[in-house]
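Have a look at the structure below, then the notes.
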């Protein structure tokens, strides 16, 4: 087969370790598919380009490495933009390869198929960078730039568009030579300064963000050496292992944890943007850090955002955690974490009580599962309640960009990259209706993904928010589809239940068959049953 730009792209992707591409073929991308069948790259066809992006997102979060998306120009790109926005907000690596109209037609407004005034500009706002390839010989350089970001900077989506006249163009190109970039390390003087401040602290506090997910051993070594309370954000859940005595989880919006943070005299923030949806979920700007703040991040711009730092280290957080664990003296547990945990009493919180049996059952039945969530009540509760044995086992769209429709396709991406591990999608009936077509993709993949549908007949979070603010509850009450009939139509297994007692039995049979399992939970019946038993 002749060496075209499209074929050379496939060789480069393989050389960089990309083994999966999500995409819907179109007349503007068929050249990408000419050699794909002979490539080691696996192709997955979603039912919507937004699903392709969410699948690539879930794949990356579960594996730590990017997948590719092959997307047509115009509507394909606007369809995937929401998924790119979610990935950008949560620092998820994703490589989006698209077509664009011929070079001689760009920007001329001739009404050509899939034409946008400037596709690159449209996607620039939801990507780390968006590049239009104008010379096939530049392809290795552009991909090197993308993977430099994935490997050594704050990751996110990268968009590369290739004009139609270049996809099939011949290329005189050398064999692929993938770039390996190592992230920056902190100078010894900075480590010494941070260690000095921390060693002298009376009430230290650690803030562990999603940037720590790739270095759980270093995070545990640091926390166990220093024995300071640690807040782990939603994207860092599991980084300290299950039920670690110093792990206070993503509780920064709750009063007892806020008091702890405000009283801390030295705070070490590692790989966290200190953003609203991790630290201020009640949206009152009430999370305060009055002590000395040491920030460590891979992104220099992030070091100056949200909370002013007294000491900022531009470095890989894993290496900094390792260096600090060696530099700090052994410290005794002062009991502050246990006191805050007692004050929080999360499992007795009336707002969380209905969901306690859900997470107890998931933990008992599928202890190694990856739990992927949409924006729905059980997921909001799970951000507080769920405790995971390792990172990359819990992620959702309930915070950050906060899109609906994420849970199912992201779970499919996770199932593809971790076939040995059970995967559970936690979705609401409203959010699932954004992506019902991806049930067909779930069937195609032959993965026993469990889809737990929290059916409250609409958008209950918005319904309650309207009631709280005395706004008429319009547009939030939806008649759900017949999920049993949908399961039959998509060749999925189906169970309906209204109380926790049946959930464990349903999940225990998840691996009996390779087809997806839809579990429809009657939310009202479940809440009534759990509140009754709690009394």
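Residue numbers (our numbering): 28 to 562.
Built from N, CA and C at the ideal position, the CB exists for glycine as well.
Just so it is clear, the structure is predicted and the values come from calculations on it, not from any experiment.
- Task: Write down every uninterrupted run of the beta strand (DSSP E) in the segment 207-288 whose length is 3 residues or greater and which is fully enclosed by it, in chain order.
- Result: 231-235 and 257-259
- Item | Classification of residue 547 by the beta-carbon crowding that lies within 10 angstroms, buried from 16 upward | Start at 1 with the first residue of the chain shown, and residue 547 comes out as number 520. Under this definition residue 547 is a buried residue.
- Item | Delimiting residues of the beta strand (DSSP E) encompassing residue 560 | Position 533 of the chain shown, counting from 1, holds the residue named residue 560. Looking at the DSSP string, residue 560 is not in any beta strand (DSSP E); the run it does join, the alpha helix (DSSP H), is 550-561.
- Message: Among the candidates 346, 542 and 96, whose CA atom is the shortest distance from the CA of residue 217?
- Response: Along the chain shown, read from residue 1 onward, the residue named residue 217 stands at position 190. Closest by alpha carbon: 346.
- Message: Quick test of the definition: if touching needs 3 or more C-beta pairs under 8 Å, does the segment 434-453 touch the segment 483-498?
- Response: no
- Query: Can you tell which of 44, 452, 268 and 375 has the C-alpha that lies nearest to the C-alpha of residue 399?
  - Reply: Here the question's residue 399 lines up with position 372 in the chain shown. Measuring from the Cα of residue 399, the nearest candidate turns out to be 452.
- Query: What do you reckon, are the CB atoms on residue 542 and residue 520 nearer than 8 Å?
  - Reply: Residue 542 sits at position 515 when you count from the first residue of the chain shown. Residue 520 sits at position 493 when you count from the first residue of the chain shown. Yes. Within cutoff.
- Task: Kindly indicate the opening and closing residues of the alpha helix (DSSP H) around residue 112.
- Result: Within the chain shown, the letter at position 85 stands for residue 112. It spans 102-116 - the alpha helix (DSSP H) in which residue 112 sits, taken as one unbroken run.
- Task: Reducing DSSP to helix, strand and coil, say where residue 50 ends up.
- Result: Within the chain shown, the letter at position 23 stands for residue 50. Note: residue 50 maps to strand in three-state DSSP.
- Task: Apply the 10 Å Cβ neighbour rule to residue 147 and answer buried if 16 or more other Cβ atoms are within range, or exposed otherwise.
- Result: Translated into positions along the chain shown, residue 147 becomes position 120. The residue in question, residue 147, is buried, as its Cβ has 16 or more Cβ neighbours within 10 Å.
- Rounded separation between residue 536 and residue 206 - CA only: Walking along the chain shown from the start, residue 536 turns up at place 509. Walking along the chain shown from the start, residue 206 turns up at place 179. Roughly 45 Å between the two C-alpha positions.
- Query: Among residues of its own chain, excluding the 5 on either side of residue 239, which ones have a beta-carbon nearer than 6 Å to its beta-carbon?
  - Reply: Along the chain shown, one-based indexing puts residue 239 at 212. Around residue 239: 246, 263, 266, 297, 298 and 344.
- Alpha-carbon to alpha-carbon, residue 491 and residue 68: Reading the chain shown from its first residue, position 41 is the one you call residue 68. Reading the chain shown from its first residue, position 464 is the one you call residue 491. One C-alpha to the other measures close to 46 Å.
- Query: At a cut of 8 Å, does the segment 424-434 reach the segment 108-120 through at least three beta carbon pairs?
  - Reply: yes
- Residue from 457, 329 and 445 with nearest C-alpha to residue 509: Taking the first residue of the chain shown as position 1, residue 509 is located at position 482. Residue 509 has its Cα closest to that of 457, out of 457, 329 and 445.
- Query: What are the start and end residues of the alpha helix (DSSP H) that includes residue 168?
  - Reply: As a first step, residue 168 is located in the chain shown; it is residue number 141 there, counting from the start. From DSSP, the alpha helix (DSSP H) with residue 168 extends over 166-179.
- How would you write the range of the alpha helix (DSSP H) that residue 70 sits in, first residue to last? Against the chain shown, residue 70 aligns to sequence position 43. From DSSP, residue 70 is part of no alpha helix (DSSP H) but of the beta strand (DSSP E) over 69-71.
- Item | Any 3 or more C-beta pairs closer than 8 Å across the segment 164-179 and the segment 192-209 | yes
- Message: Would residue 200 and residue 164 be called neighbours here (beta carbons separated by less than 8 Å)?
- Response: Numbered from its first residue, the chain shown carries residue 200 at position 173. Numbered from its first residue, the chain shown carries residue 164 at position 137. Yes. Within cutoff.
- Taking the alpha helix (DSSP H) that residue 150 falls in, what are its first and last residues? In the chain shown, the residue the question calls residue 150 occupies position 123. 146-151 is the extent of the alpha helix (DSSP H) around residue 150.
- Can you tell me whether residue 137 is buried or exposed, with buried defined as 16 or more other CB within 10 angstroms of its CB? Counting from 1 along the chain shown, the entry for residue 137 is found at position 110. Classification of residue 137: exposed, given that the 10 Å Cβ count is below 16.
- Three CB pairs or more closer than 8 Å across the segment 378-388 and the segment 396-413: yes
- Query: Near residue 183, which residues of its chain fall below 8 Å by C-beta distance, leaving aside the five closest residues on each side in sequence?
  - Reply: Translated into the one-based positions of the chain shown, residue 183 becomes position 156. The answer, listed in chain order, is 114, 115, 118, 119, 120, 121, 154, 155 and 176.
- Query: Going along the chain, which residues of its own chain have a beta-carbon closer than 6 Å to the beta-carbon of residue 515, five neighbours each way excluded?
  - Reply: For this step, residue 515 is matched to residue 488 along the chain shown. If we look at residue 515 and ignore the five residues flanking it on each side, it has no Cβ neighbours.
- Task: State the Cα-Cα distance for the pair residue 475 and residue 226, rounded to the nearest angstrom.
- Result: In the chain shown, the residue the question calls residue 475 occupies position 448. In the chain shown, the residue the question calls residue 226 occupies position 199. One C-alpha to the other measures close to 49 Å.
- Message: Between 466, 112, 283 and 380, which has its C-alpha nearest residue 5's C-alpha?
- Response: Look at the range of the chain in this structure, 28 to 562, and you will see that residue 5 is not part of it.
- Message: List, from N- to C-terminal side, the beta strand (DSSP E) runs of 3 residues or more that fit wholly inside the segment 291-337.
- Response: 293-297 and 319-324
- Classify residue 142 as helix, strand or coil using the three-state DSSP reduction. Here the question's residue 142 lines up with position 115 in the chain shown. Three-state result, residue 142: coil.
- Item | Per DSSP, cross-strand counterpart(s) of residue 95 | For the purposes of this step, residue 95 is taken as residue 68 along the chain shown, with counting starting at 1. According to DSSP, which records beta bridges pairwise, residue 95 is partnered with 48 and 122.
- Kindly confirm or deny that the segment 66-80 and the segment 219-236 touch, where touching means at least three C-beta pairs closer than 8 Å. no
- Task: Could you tell me if residue 497 is buried or exposed, where buried requires 16 or more neighbouring beta carbons within 10 angstroms of its beta carbon?
- Result: Position 470 of the chain shown, counting from 1, holds the residue named residue 497. It is exposed - the Cβ of residue 497 has fewer than 16 other Cβ atoms within 10 Å.
- Looking at C-alpha atoms only, which residue of 279, 169, 325 and 293 is the closest neighbour of residue 314? Counting from 1 along the chain shown, the entry for residue 314 is found at position 287. Among 279, 169, 325 and 293, the Cα nearest to that of residue 314 is on 279.
- Task: Note down the Cα distance separating residue 63 from residue 195, rounded to an integer number of angstroms.
- Result: Counted from its first residue, the chain shown places residue 63 at position 36. Counted from its first residue, the chain shown places residue 195 at position 168. Each residue's Cα considered, the two are about 14 Å apart.
- Message: Assuming residue 126 and residue 188 are in contact, meaning their beta carbons sit under 8 Å apart, how far apart are those beta carbons, in whole angstroms?
- Response: Here residue 126 refers to the residue found at position 99 of the chain shown. Here residue 188 refers to the residue found at position 161 of the chain shown. Confirmed, about 7 Å.
- Whole-Å CB distance - residue 149 paired with residue 99, under 8 Å assumed: What you label residue 149 is simply residue 122 of the chain shown in a count that begins at 1. What you label residue 99 is simply residue 72 of the chain shown in a count that begins at 1. Not quite, the Cβ-Cβ distance comes to about 14 Å (not below 8 Å), so this is no contact.
- Item | Backbone CA spacing between residue 157 and residue 186 [nearest angstrom] | In the chain shown, the residue the question calls residue 157 occupies position 130. In the chain shown, the residue the question calls residue 186 occupies position 159. For residue 157 and residue 186, the distance between alpha carbons rounds to 5 Å.
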